[in-house]
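Residue numbers (UniProt numbering), protein chains in the order written: chain A, 1 to 341; chain B, 1 to 341.
Beta carbons: idealized from backbone N, C-alpha and C, even for Gly.
Since the structure comes first, as structure tokens, the remarks are kept for the end.
There are 2 protein chains.
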Amino acid sequence: MKKKVTIKQIARELDVSVSTVSKALRDSKEISLDTRQKVQAFAKLLNYRPNNIAISLKNRKTKNIGVIIPEIVHHFFTTVISGIEREANKAGYNVIVCLSDESFDKEVINMETLANGSIDGFILSLSKETQAKKDFHHLQEAINQGMPLVMFDRIAEEIPCDKVVIDDVDGASKAVKYMMKTGCKRIALLSTVDYVSVGKLRTEGYVRALEESGGKVDESLILKIEDIDNCEKQIAELFDRAGFDGVFAVNELFAVTAMKEAQKRGYKIPEDISFMGFTDGILSKYAFPALTTVAQHGPEMGEMAAKMLIQRLESDEVDDESYVTEVIRTSITERESTKSN
Amino acid sequence: MKKKVTIKQIARELDVSVSTVSKALRDSKEISLDTRQKVQAFAKLLNYRPNNIAISLKNRKTKNIGVIIPEIVHHFFTTVISGIEREANKAGYNVIVCLSDESFDKEVINMETLANGSIDGFILSLSKETQAKKDFHHLQEAINQGMPLVMFDRIAEEIPCDKVVIDDVDGASKAVKYMMKTGCKRIALLSTVDYVSVGKLRTEGYVRALEESGGKVDESLILKIEDIDNCEKQIAELFDRAGFDGVFAVNELFAVTAMKEAQKRGYKIPEDISFMGFTDGILSKYAFPALTTVAQHGPEMGEMAAKMLIQRLESDEVDDESYVTEVIRTSITERESTKSN
DNA sequence: TTTTCACACGAAAACGTTGTAATGACCACC
DNA sequence: GGTGGTCATTACAACGTTTTCGTGTGAAAA
């Protein structure tokens, strides 16, 4: 087990100074061509690789980006991460992923450990608990310390930083209108409790679509699901109590679960009931029938977030406070759970 | 934007030396109780946080673990990551995730960038390309440099390092036997091409189960799918050409796709045909009907891998070469796509 | 009074780099 | 024979810590 080779070793063996080696390796013309070649050859021979940590310490940059998400076992977030990764790697950055597990405390702890030198900037999506608590001091603190921050998807309006979101209201509204166009008259909504920002916004979109097309909102068709793991029961109850010919769900899980319930009850999809979900994930794609959804374009979102962060990191430190919020467009992925129009 | 506060600043303001501050902060009894309290109070006031990079450089430990996986948009890997995360955080480590995108080159590059000081050890699962190429020099090199390495799931037998796998052969064999017990007589196999190690092993399990129960393998019932994105067509062809009353797939995607095909053709599940998959992911859980699968216990795998790595990292550097391979047990998750027995 | 010792603290080196300023050698010019 | 100017190289400080090894002070022991 040969130990890592350092500049110092090369210097000693070649009988020159550390500075000479350092400069030779970076091809500084301060060093004679002769020495440069000699050093480089020797470095290559020893398989020298500069120590990232030392470099980080030296120029106070780590070339690491910290990403904090609530849950990795969640297809949408992984698509965002893969977008971040791609963009970050392109610019020579590594991605450090931390999970908040939807917990406020873990979110704070993760931020604190990362902020102390490990990374140059943050990309994050809020945990449910943080959204419910509305306590954002940790974000503000990071910003105060001059640590750039980009929020995505689950954001906090009140924090001054770059953001990238999708237009949830518009996406949901488009979806509901789409369903109406295919002939749906009574569309049920499967949403989450209101403190989940995206749930709230998508509900808003549902309401808006109905109102804009002259319909009115029937509260009995709206189901707000608290416990995502036990949504079956609540959904079954909705089937018991209300009649509808369309279901719009704010995520794919609810949509698929509802489809299963419908099939168990003998409904034909989409003839009897149409279904649409939000988030174009694997579930939607492989459900039976395949689910028509609002695609969120996670990878693009990740790329965008990474791009914004990196730009700020590399923009000569002039911290102009002109924060922007980018909106990623949604699109409808038509599949088999809705009627063709 | 207040800049990060350092020990040096505290020292200057309190008019003591850096050493004193450092010691006081770590509660060294070399320093008088009085000074200790004064320093600590002041540090707290300024919200001092030690700089991780400097500490890393000093003691040549980063407290970071590098994880390289082929694809993050793959449920199994994310469950493993969440297991790694949990275990790593418990021990005060951060997780740096890199994606190889199933590419050999990206795998090598990722390893190289991480190895130069960013992390203390690796956890990785091979990319398909690496498996096909059988070129493992980058792994060997990491090991030679004294960088501990734990491989999981897609491993290379010939590399001397700790490994954690599931018993694919046994899992597949158990699954097939389970199906036979529920009455299946002719079980088709949906597998991948052979260079994907797990596909090969699971195929082996399928064959073994058949042989052990006195049956013989009908090659026409075995489908090896190359292109995962276009599996529908190949699967449809299998339906055209062969008759069977059970389908065992080496992953959940193939299983679900096959179920859809069966339903389109009017077969009842599980009455006419039973289905089983491998990997207990969301697809299986929310498919209709819900898919009976072999659960791989990704989180446990991740925890195990992290535990092994951390143990090696913290075991006083005595590099005893006694590498172990841990086998995570599989279990069958019974759901609706198979008959009850 | 001198020696010894505990005590509280500080100076400096080290981790591996990079960049600035300094050094020395050599040559040319007046 | 100075003065100036290249040129190649090196010393050193710095990044923020930790840690080893002093060092000076005062009090107890001789």
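(request) Note down, in chain order, all residues in the region 173-199 of chain A with a beta-carbon under 8 Å from any beta-carbon belonging to chain B. (result) From the region 173-199 of chain A, no residue has a Cβ closer than 8 Å to chain B.
(message) For the ligand PLP, I want to know if residue 275 of chain A counts as a neighbour, meaning its beta carbon is within less than 6 Å of at least one of the ligand's heavy atoms.
(response) Ligands displayed in this structure: none; no statement on the ligand PLP is therefore possible.
(request) Using a threshold of 7 Å, state whether the C-beta atoms of residue 270 of chain A and residue 338 of chain A are closer than that. (result) Yes; because the gap between Cβ atoms is below 7 Å, this pair is in contact.
(message) Please confirm whether residue 78 of chain B has its beta-carbon closer than 7 Å to some beta-carbon of chain A.
(response) Closer than 7 Å to the CB of residue 78 of chain B there is at least one CB belonging to chain A.
(message) Does the region 203-214 of chain B come into contact with the region 180-189 of chain B, if we say contact requires no fewer than three beta-carbon pairs (one atom in each stretch) closer than 8 Å?
(response) The answer is yes - the region 180-189 of chain B touches the region 203-214 of chain B, with three or more Cβ pairs under 8 Å.
(message) On the criterion of 16 or more Cβ atoms from any shown chain inside 10 Å, does residue 195 of chain B qualify as buried, or is it exposed?
(response) By the neighbour-count rule (16 or more Cβ atoms within 10 Å), residue 195 of chain B is not buried but exposed.
(message) Quick check: the Cα distance between residue 102 of chain B and residue 3 of chain B, rounded to an integer number of angstroms?
(response) CA-CA distance, residue 102 of chain B to residue 3 of chain B, rounds to 41 Å.
(message) Can you list, in chain order, the residues of its chain with a C-beta nearer than 7 Å to that of residue 179 of chain A? Leave out the 5 residues immediately preceding and following it.
(response) Cβ neighbours of residue 179 of chain A beyond the five flanking positions: 187, 246, 248, 274, 276, 338.
(request) Determine whether the Cβ of residue 117 of chain A lies closer than 7 Å to any Cβ atom of chain B. (result) Residue-level contact check: residue 117 of chain A touches chain B, since one or more beta carbons of chain B fall below 7 Å from its beta carbon.
(message) For the alpha helix (DSSP H) containing residue 110 of chain A, name the first residue and the last one.
(response) It spans 104-115 - the alpha helix (DSSP H) in which residue 110 of chain A sits, taken as one unbroken run.
(request) Please name the residue, chosen from B/173, B/340, B/168, that lies closest to residue 153 of chain B on a Cα-to-Cα basis. (result) When only C-alpha atoms are compared, the closest one is B/168.
(message) Any C-beta of chain A within less than 9 Å: which residues of the region 95-107 of chain B qualify?
(response) Closer than 9 Å at the C-beta level to chain A, one finds these residues of the region 95-107 of chain B: 95, 96, 97, 98, 99, 101, 106.
(message) At the level of alpha carbons, what is the spacing between residue 10 of chain B and residue 45 of chain B?
(response) Spanning the two alpha carbons is a distance of roughly 10 Å.
(message) For a minimum of 3 consecutive residues, which ranges assigned as the beta strand (DSSP E) are wholly contained in the region 228-258 of chain B?
(response) For the region 228-258 of chain B, whole beta strand (DSSP E) runs of length 3 or above, ordered along the chain, are 246-249.
(message) By the three-class DSSP mapping on this structure, what secondary structure does residue 163 of chain B have?
(response) Residue 163 of chain B: strand per DSSP, three-state reduction.
(message) I want to see whether chain A comes within less than 7 Å of residue 56 of chain B, judged by CB atoms only; does it?
(response) By this cut-off, residue 56 of chain B is an interface position.
(request) For the region 58-78 of chain B and the region 77-88 of chain A, state whether three or more C-beta atom pairs, one from each stretch, are separated by less than 8 Å. (result) Judged by pairs of C-beta atoms under 8 Å, the region 58-78 of chain B touches the region 77-88 of chain A, as three or more such pairs exist.
(request) Mind checking which residues open and close the beta strand (DSSP E) that includes residue 225 of chain B? (result) Run containing residue 225 of chain B: 222-225, per the beta strand (DSSP E) assignment.
(message) Give me the residue from B/240, B/262, B/284, B/39 with the minimum Cα distance to residue 250 of chain B.
(response) Considering only alpha carbons, the answer is B/284.
(message) So, for residue 334 of chain B: in the same chain, excluding its five sequence neighbours on each side, which residues have a beta-carbon less than 6 Å away from its beta-carbon?
(response) If we look at residue 334 of chain B and ignore the five residues flanking it on each side, its Cβ neighbours are 292.
(message) Please state the DSSP three-state secondary structure of residue 99 of chain B.
(response) Looking at residue 99 of chain B - three-state DSSP - the assignment turns out to be strand.
(message) DSSP has residue 94 of chain B in a bridge; who is on the other side?
(response) Residue pairing from DSSP places residue 94 of chain B in a beta bridge opposite B/64.
(request) Kindly indicate if chain B contains any beta-carbon less than 7 Å away from that of residue 283 of chain A. (result) Output row for residue 283 of chain A: interface = yes.
(request) Inspect the beta-carbon positions of residue 164 of chain A and residue 301 of chain A and report whether they are closer than 7 Å. (result) Contact flag set, yes.
(request) Would you please verify whether the beta carbon of residue 49 of chain A is less than 7 Å from any beta carbon of chain B? (result) Output row for residue 49 of chain A: interface = yes.
(message) What are the residues in the region 157-173 of chain B lying within 7 Å of chain A by C-beta distance?
(response) Answer set for the region 157-173 of chain B: empty.
(message) Less than 6 Å between C-beta atoms, sequence neighbours within five positions excluded: which residues of the same chain meet that for residue 114 of chain A?
(response) If you ignore the 5 residues before and after residue 114 of chain A, its C-beta comes within less than 6 Å of the C-beta of 66, all in its own chain and listed in chain order.
(request) Quick one: measure Cβ to Cβ for residue 88 of chain A and residue 306 of chain A, integer angstroms, because I've assumed they're closer than 8 Å. (result) Yes, they are in contact, since the Cβ atoms of residue 88 of chain A and residue 306 of chain A sit about 5 Å apart, within 8 Å.
(request) Would you list the residues sitting across from residue 152 of chain A in a DSSP beta bridge? (result) As a beta-bridge residue in DSSP terms, residue 152 of chain A pairs with A/164.
(request) Can you pull the chain B residues whose beta carbon is under 8 Å from the beta carbon of residue 286 of chain A, in chain order? (result) Correct list: 253, 256, 257, 260, 283, 287.
(message) Could you check whether the Cβ of residue 53 of chain A sits closer than 7 Å to any Cβ belonging to chain B?
(response) Chain B, which has a Cβ nearer than 7 Å to the Cβ of residue 53 of chain A, makes this yes.
(message) In the DSSP output, what is residue 325 of chain A paired with across the bridge?
(response) Note: residue 325 of chain A sits in a beta bridge opposite A/163.
(message) What does the Cβ neighbour count give for residue 228 of chain A, buried or exposed, with the cut at 16 atoms within 10 Å?
(response) Classification of residue 228 of chain A: exposed, given that the 10 Å Cβ count is below 16.
(request) Give the residues of chain A in contact with residue 82 of chain B, contact being defined as C-beta atoms less than 7 Å apart. (result) The answer, in chain order, is 72, 73, 99.
(request) Run down chain B in chain order and give the residues with a C-beta less than 8 Å from the C-beta of residue 263 of chain A. (result) In chain order: 288.
(request) Note down, in chain order, each residue of its chain lying with its Cβ closer than 7 Å to the Cβ of residue 133 of chain A, except the 5 sequence neighbours on either side. (result) Cβ neighbours of residue 133 of chain A beyond the five flanking positions: 104.
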